[in-house]
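*Asks:* Just dropping this structure here.
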Amino acid sequence: MKIEELYQKYGPMVHRRCMRLLGHKEEAYEVMQDVFVQVLRREKQLDVQAPSSLLYKIATDLCINRLRSRKRKPETFNDTLLHSIATDEDIEKLVQNRSILDRIFSREPKSTRVIAVLHYVDKMTLEEVAEVMEMSVSGIRKRLRILKENGRNFEEKSK
Numbered sequence: 002m003k004i005e006e007l008y009q010k011y012g013p014m015v016h017r018r019c020m021r022l023l024g025h026k027e028e029a030y031e032v033m034q035d036v037f038v039q040v041l042r043r044e045k046q047l048d049v050q051a052p053s054s055l056l057y058k059i060a061t062d063l064c065i066n067r068l069r070s071r072k073r074k075p076e077t078f079n080d081t082l083l084h085s086i087a088t089d090e091d092i093e094k095l096v097q098n099r100s101i102l103d104r105i106f107s108r109e110p111k112s113t114r115v116i117a118v119l120h121y122v123d124k125m126t127l128e129e130v131a132e133v134m135e136m137s138v139s140g141i142r143k144r145l146r147i148l149k150e151n152g153r154n155f156e157e158k159s160k
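The numbering used here numbers the first residue of the sequence shown as 2 and each following residue consecutively.
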């Protein structure tokens with residue numbers, strides 16, 4: 002399938018994925034473009050038998066990288082922050098939870114973070130996550146179990 006066809010067919014799906022993870026329309030559009038640039042650059046190396054899974058995985062990876070870089074370079078005060086402050090009942094709890102998740106995920110491989118987002122945020126089944134990550138269902142289950150155990154251990158230590 003040519004890159005133009007991929008873009009026409011899967012562009013909206015990739016953009017929705019980026020919007021869901023990033024929450025900014027313009028930034029989601031930029032990352033969507035980056036996804037297809039990556040595919041174009043590696044077109045000869047990629048075996049695109051399941052293009053939607055591949056594009057979904059690339060989009061997730063790039064969005065996570067973008068979120069990480071946001072953390073390193075705090076943005077100026079913006080509408081999204083205002084909205085989150087206005088709609089969240091307990092901003093202190095939100096910040097505390099995000100900090101805990103950052104500490105738990107800092108000990109995990111990047112792929113485990115992606116697996117957790119796909120399963121817990123996107124509500125994908127274990128089978129769907131396994132297909133996207135090109136892993137076995139038992140491998141996905143094991144990663145999630147270890148992540149939960151590490152979360153419990155962290156919670157017990159912080160009490």
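Heads up, the beta-carbon is just placed ideally off N, CA and C, and yes, glycines get one too.
In this text, all values refer to a predicted model and were calculated from it rather than measured experimentally.
1. Residues in the same chain with beta-carbon distance under 7 angstroms from S137, minus the five sequence neighbours each way, listed in chain order, please.
2. Closest to E6 by C-alpha separation, out of R69, T113, L127 and F37, would be which residue?
3. Using CA coordinates, which residue listed in R18, V118, N151 and N66 is at the minimum distance from I101?
4. Can you give me the C-alpha to C-alpha distance between Q212 and K158, rounded to a whole angstrom?
5. Should T61 be labelled buried (16 or more other beta-carbon atoms within 10 Å of its own) or exposed?
6. Can the beta-carbon of L119 be found closer than 8 angstroms to that of R67?
7. Taking the CB atoms as reference points, tell me whether S54 and Y11 lie closer together than 8 angstroms.
8. What are the start and end residues of the alpha helix (DSSP H) that includes T113?
9. Consult DSSP for S100 and reduce its assignment to one of helix, strand or coil.
10. Could you tell me the distance, in whole angstroms, from the CA atom of E28 to the CA atom of R69?
*Replies:* Once the coordinates are examined:
1. As a first step, residue 137 is located in the sequence shown; it is residue number 136 there, counting from the start. So the list reads A131, once near-sequence residues are dropped.
2. If you number the sequence shown from 1, residue 6 lands on position 5. Measuring from the Cα of E6, the nearest candidate turns out to be F37.
3. Numbered from its first residue, the sequence shown carries residue 101 at position 100. For the set R18, V118, N151 and N66, the Cα lying nearest the Cα of I101 is the one of N151.
4. The requested residue 212 is not part of the displayed model; the chain covers only 2 to 160.
5. Counted from its first residue, the sequence shown places residue 61 at position 60. Burial call: buried.
6. Counting from 1 along the sequence shown, the entry for residue 119 is found at position 118. Counting from 1 along the sequence shown, the entry for residue 67 is found at position 66. Cβ distance not < 8 angstroms, so L119 and R67 don't count as in contact.
7. Locating residue 54 in the sequence shown gives position 53, counting from the first residue. Locating residue 11 in the sequence shown gives position 10, counting from the first residue. Between S54 and Y11, the C-beta gap is not smaller than 8 angstroms, which leaves the two residues out of contact.
8. Along the sequence shown, read from residue 1 onward, the residue named residue 113 stands at position 112. Bounds of the alpha helix (DSSP H) holding T113 are K111 to A117.
9. Translated into the one-based positions of the sequence shown, residue 100 becomes position 99. Note: S100 maps to helix in three-state DSSP.
10. As a first step, residue 28 is located in the sequence shown; it is residue number 27 there, counting from the start. As a first step, residue 69 is located in the sequence shown; it is residue number 68 there, counting from the start. Linking E28 to R69 through their CA atoms gives a straight-line distance of about 14 angstroms.
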